[in-house]
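Peer 1: Supplied in structure tokens, the structure appears directly below.
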Amino acid sequence: FPHRFVKRFNLRRDLFVNDEARAHWKKLLLALLGQRNPYTDTVPLQDPALLALVLSNEGGVVELAFREGGGWKAPVPEVYAEPFARWMRARYADEAAWRLAWGLDVQTGESLAGGVALPTQWRSMGARQRDFMRFVSELEQETYRWMHDSASAQGFKGLTTAYNNWNWLHSDISRSAL
Numbered sequence: 041f042p043h044r045f046v047k048r049f050n051l052r053r054d055l056f057v058n059d060e061a062r063a064h065w066k067k068l069l070l071a072l073l074g075q076r077n078p079y080t081d082t083v084p085l086q087d088p089a090l091l092a093l094v095l096s097n098e099g100g101v102v103e104l105a106f107r108e109g110g111g112w113k114a115p116v117p118e119v120y121a122e123p124f125a126r127w128m129r130a131r132y133a134d135e136a137a138w139r140l141a142w143g144l145d146v147q148t149g150e151s152l153a154g155g156v157a158l159p160t161q162w163r164s165m166g167a168r169q170r171d172f173m174r175f176v177s178e179l180e181q182e183t184y185r186w187m188h189d190s191a192s193a194q195g196f197k198g199l200t201t202a203y204n205n206w207n208w209l210h211s212d213i214s215r216s217a218l
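All residue numbers for the sequence shown refer to the working numbering, where the first residue is 41 and numbers rise by one.
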């Protein structure tokens with residue numbers, strides 16, 4: 041039967057690009073693990089017996105798109121367009137440096153100031169794919185650090201992990217922050 045929330049929200053994806061999603065994730069963390077247990081008088085996040093947290097289960101950028109959109113033919117979600125454009129502007133000193141690095145991968149009408157198109161598929165060759173996957177790795181590492189710091193700020197002293205998804209090549213780089 042129809043469900044009012046199915047395919048309406050995507051917290052795991054939105055954690056990478058949306059401050060409201062991050063605020064909601066933090067609210068969930070505190071609701072689930074930040075409340076005092078009336079029976080033990082402990083706060084789970086501060087309990088030394090809590091060894092580890094999986095901060096986002098199977099929450100990698102490629103993993104999520106792969107599952108949501110139909111495997112390798114899944115489109116790259118548009119929510120990454122503006123963050124990728126910002127990342128590109130920070131990565132390259134100027135338009136000339138970017139055009140030199142990308143060469144024939146630059147499409148008509150693209151510019152650092154006006155925007156760079158997302159890759160059209162997850163597995164491809166070239167400068168666009170190389171830079172996009174670097175962007176993804178850095179985005180995953182930054183998001184992991186934010187989640188880890190959020191749990192630590194609430195008193196959690198145990199181990200944390202994330203991106204426990206398939207063996208995507210870039211995930212090894214993302215996991216290096218763990």
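Ideal Cβ positions, reconstructed from N, Cα and C, are used throughout, including at glycine. If you're wondering where the values come from, they're calculated on a predicted model, not measured in any experiment.
#1: Would you call the CB atoms of L85 and G74 closer than 7 angstroms?
#2: What are the boundary residues of the alpha helix (DSSP H) that A193 is part of?
#3: By Cβ distance below 6 angstroms, which residues in the same chain neighbour E28 in space, the five residues on each side in sequence not counted?
#4: Quick one: what does DSSP say A217 is sitting in, helix, strand or coil?
#5: Here's a check: name, in chain order, each residue in its chain whose Cβ is nearer than 6 angstroms to the Cβ of W142, leaving out the five neighbours to either side.
#6: Which first and last residues belong to the beta strand (DSSP E) in which V94 is found?
#7: Count Cβ pairs between the stretch 59-74 and the stretch 175-190 that sit closer than 8 angstroms; are there 3 or more?
#8: Beta carbon of M173, beta carbon of H210: below 7 angstroms?
#9: Which residues share a DSSP beta bridge with G155?
#10: Quick one: grab the DSSP three-state call for L55.
#11: Could you give the first and the last residue of the continuous beta strand (DSSP E) run that contains L144?
#12: Apart from the five residues on each side of it in sequence, which residues of its chain come closer than 6 angstroms, Cβ to Cβ, to P123?
#13: Please state if the CB of L95 and the CB of R53 are separated by a distance shorter than 7 angstroms.
#14: Return the CA-CA distance between Y120 and F196, expressed in angstroms with no decimal places.
Peer 2: Looking at the coordinates:
#1: What you label residue 85 is simply residue 45 of the sequence shown in a count that begins at 1. What you label residue 74 is simply residue 34 of the sequence shown in a count that begins at 1. In this structure, G74 lies closer than 7 angstroms to L85 by Cβ.
#2: Residue numbering aside, residue 193 sits at position 153 when the sequence shown is read from its first letter. A167 to A193 is the span of the alpha helix (DSSP H), which, as asked, contains A193.
#3: Given that the chain is displayed from residue 41 to residue 218, the structure contains no residue 28 and the question cannot be resolved.
#4: Locating residue 217 in the sequence shown gives position 177, counting from the first residue. Coil at A217, not helix or strand.
#5: Here residue 142 refers to the residue found at position 102 of the sequence shown. The residues are A167.
#6: Working through the sequence shown from its first residue, we reach residue 94 at position 54. A92 to V94 is the extent of the beta strand (DSSP E) around V94.
#7: yes
#8: For this step, residue 173 is matched to residue 133 along the sequence shown. For this step, residue 210 is matched to residue 170 along the sequence shown. Yes, these two residues count as a Cβ contact at 7 angstroms.
#9: Stepping through the sequence shown from its first residue, residue 155 is reached at position 115. Answer is S151, bridged to G155.
#10: Along the sequence shown, read from residue 1 onward, the residue named residue 55 stands at position 15. The answer is coil: DSSP assigns L55 none of H, G, I, E or B.
#11: Sequence index remark: in the sequence shown, residue 144 carries index 104 (1-based). Unbroken run through L144: none, as it is neither H nor E.
#12: Here residue 123 is taken as the residue at index 83 of the sequence shown, counted from 1. Here the set comprises V57.
#13: As a first step, residue 53 must be located in the sequence shown, where it is residue number 13. As a first step, residue 95 must be located in the sequence shown, where it is residue number 55. Cβ atoms of R53 and L95: not closer than 7 angstroms.
#14: Counting from one through the sequence shown, the residue named residue 120 turns up at place 80. Counting from one through the sequence shown, the residue named residue 196 turns up at place 156. Each residue's Cα considered, the two are about 30 angstroms apart.
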